[in-house]
Amino acid sequence: MDNLEKYKNAFKEAFEIGDEIITDELAYESIPEWDSVGHMRLMAAVEDAFDIMLETEDILDFGTFGKGKEILLKYDVTI
Amino acid sequence: MKKFENISDWRESENDSRFFIDSARNDLAQFLREKNFVFIERTVQATIPLKASSDFKKFCRLPLEISELNERICEIAKKSFSQDVRFFISVPSIFSEKLLENFLSEMKTCYVCRVKNEIAGFIEVVESEENFSAEIRLAAVDEKFRLSGAALSLYAGAANFLREKNFRKLIGRISTKNIPVVNLYATLGANFSRPYDIYFRS
Numbered sequence: 745m746d747n748l749e750k751y752k753n754a755f756k757e758a759f760e761i762g763d764e765i766i767t768d769e770l771a772y773e774s775i776p777e778w779d780s781v782g783h784m785r786l787m788a789a790v791e792d793a794f795d796i797m798l799e800t801e802d803i804l805d806f807g808t809f810g811k812g813k814e815i816l817l818k819y820d821v822t823i
Numbered sequence: 277m278k279k280f281e282n283i284s285d286w287r288e289s290e291n292d293s294r295f296f297i298d299s300a301r302n303d304l305a306q307f308l309r310e311k312n313f314v315f316i317e318r319t320v321q322a323t324i325p326l327k328a329s330s331d332f333k334k335f336c337r338l339p340l341e342i343s344e345l346n347e348r349i350c351e352i353a354k355k356s357f358s359q360d361v362r363f364f365i366s367v368p369s370i371f372s373e374k375l376l377e378n379f380l381s382e383m384k385t386c387y388v389c390r391v392k393n394e395i396a397g398f399i400e401v402v403e404s405e406e407n408f409s410a411e412i413r414l415a416a417v418d419e420k421f422r423l424s425g426a427a428l429s430l431y432a433g434a435a436n437f438l439r440e441k442n443f444r445k446l447i448g449r450i451s452t453k454n455i456p457v458v459n460l461y462a463t464l465g466a467n468f469s470r471p472y473d474i475y476f477r478s
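Chains as they are written, first to last, in the numbering used here: chain A, 745 to 823; chain B, 277 to 478.
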């Protein structure tokens, strides 16, 4: 499984959504599942997927699917 | 805010402008509507059982510390509760702010968590040793830190501290309109009970 698949799976697992709504523009509060609690589920899923520990500042900035990809570069995860 | 329980008690209550009633009491709801009260919202009691097997620590990304009431906590509270039915009368006003200030002034201590050394949020818990339960009196997170995990850290952290002191339940009363908070309690294993409906005089 490549990194993009792992990344998408983290979103699917956290929010129980399908591939069809996952785009770079998918954002916090754009779907009901992505509220503040859902956000922490997503962070846990991303951390588990890539075996990393996100810093608080990055958790705060992780507002869209696309932004998340940029943030993960800091952790040597290229998507 | 008073609980309205019997129509026969109306005479002593008829000058009040706000009530809550048991949601199952359609008779009281009908009676209040006839008296020009409007339904505002439904609240429920959320009870987090503090079981030995619950892993609250996994939700605690931010450490908690004990704090007394300070300006920063008041600032967060004023931004968060300006339209909360406990303090909001009909329009935001100096009276609502005064109600909130009076409520805050009764705070003894609370738990806070920080992001970049700034208080991100707080939770005030009132312990009842005779029932081995504690009640969340007030809790809020500054909007700019809503994605930081502060809310989960505060609630889970408080639950963990109370469990270590052998408390059995952490109780809150929440609006059913506030889905993120409902989800937060559900994440911590809460069950929901005692729905009450709030009515304001129109």
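In this text, a Cβ means the ideal position worked out from N, Cα and C, and glycines have one as well.
With DSSP as the reference, label B:T463 as helix, strand or coil.
helix
To which residues of the same chain is A:K752 closer than 6 Å at the C-beta, ignoring the five residues directly before and after it?
I766
For the alpha helix (DSSP H) that B:R309 lies in, which residues bound it at each end?
N302 to E310
Give the interface partners of A:L817 over in chain B, defined as CB-CB distance under 7 Å, in chain order.
None at all; the shortest Cβ gap to chain B is about 19 Å.
So is the beta-carbon of B:L375 under 8 Å away from any non-hydrogen atom of the ligand GDP?
Only the bare structure without any ligand can be found here, which leaves the ligand GDP out of the picture.
B:F437 - containing alpha helix (DSSP H), residue span:
A426 to E440
Is it right to say B:L464 is buried, meaning 16 or more other beta carbons lie within 10 angstroms of its own, or is it exposed?
buried
How do the stretch 317-331 of chain B and the stretch 438-451 of chain B stand: do at least 3 beta-carbon pairs fall below 8 Å, yes or no?
yes
If you measure from the beta carbon of A:Y772 to each beta carbon in chain B, is any gap under 9 Å?
yes
At a CB-CB cut-off below 7 Å, which residues of chain A make contact with B:I395?
The contacting residues do not exist; B:I395 stays about 14 Å from chain A at best.
Under the rule that 16 or more other beta-carbon atoms within 10 Å means buried, what is B:R287, buried or exposed?
exposed
Just how far apart, CA to CA, sit B:N467 and B:N454?
16 Å
Compare the C-beta of A:T822 against all C-beta atoms of chain B and say whether one is closer than 9 Å.
no
Local conformation of B:V320 per DSSP, three classes:
strand
What ranges does the alpha helix (DSSP H) occupy inside the stretch 347-400 of chain B, keeping only unbroken runs of at least 4 residues that lie completely in it?
347-356 and 370-381
Distance cutoff 9 Å, beta carbons only. Does A:G782 sit that close to anything in chain B?
yes
For B:S409, which residues in the same chain have their Cβ closer than 7 Å to its Cβ, ignoring the five residues on either side in sequence?
F443, R444, K445 and I447
Buried versus exposed call for B:R337 [16 or more other C-beta atoms within 10 Å across all chains shown]
buried
Note the first and the last residue of the continuous beta strand (DSSP E) segment covering A:I803.
Not the beta strand (DSSP E): A:I803 falls in the alpha helix (DSSP H), residues T800 to D805.
From B:D298, B:S330, B:K354 and B:F307, residue whose alpha carbon lies closest to that of B:E290:
B:F307
Residues near A:L704 in its chain [Cβ-Cβ closer than 8 Å; skip 5 each side]
No answer is possible for residue 704 of chain A: it lies beyond the span of chain A, which begins at 745 and ends at 823.
Please tell me whether B:G433 and B:L376 are closer than 9 Å, where the distance is taken between their beta carbons.
no
What separation, rounded to the nearest whole angstrom, lies between the Cα atoms of B:E403 and A:L817?
45 Å
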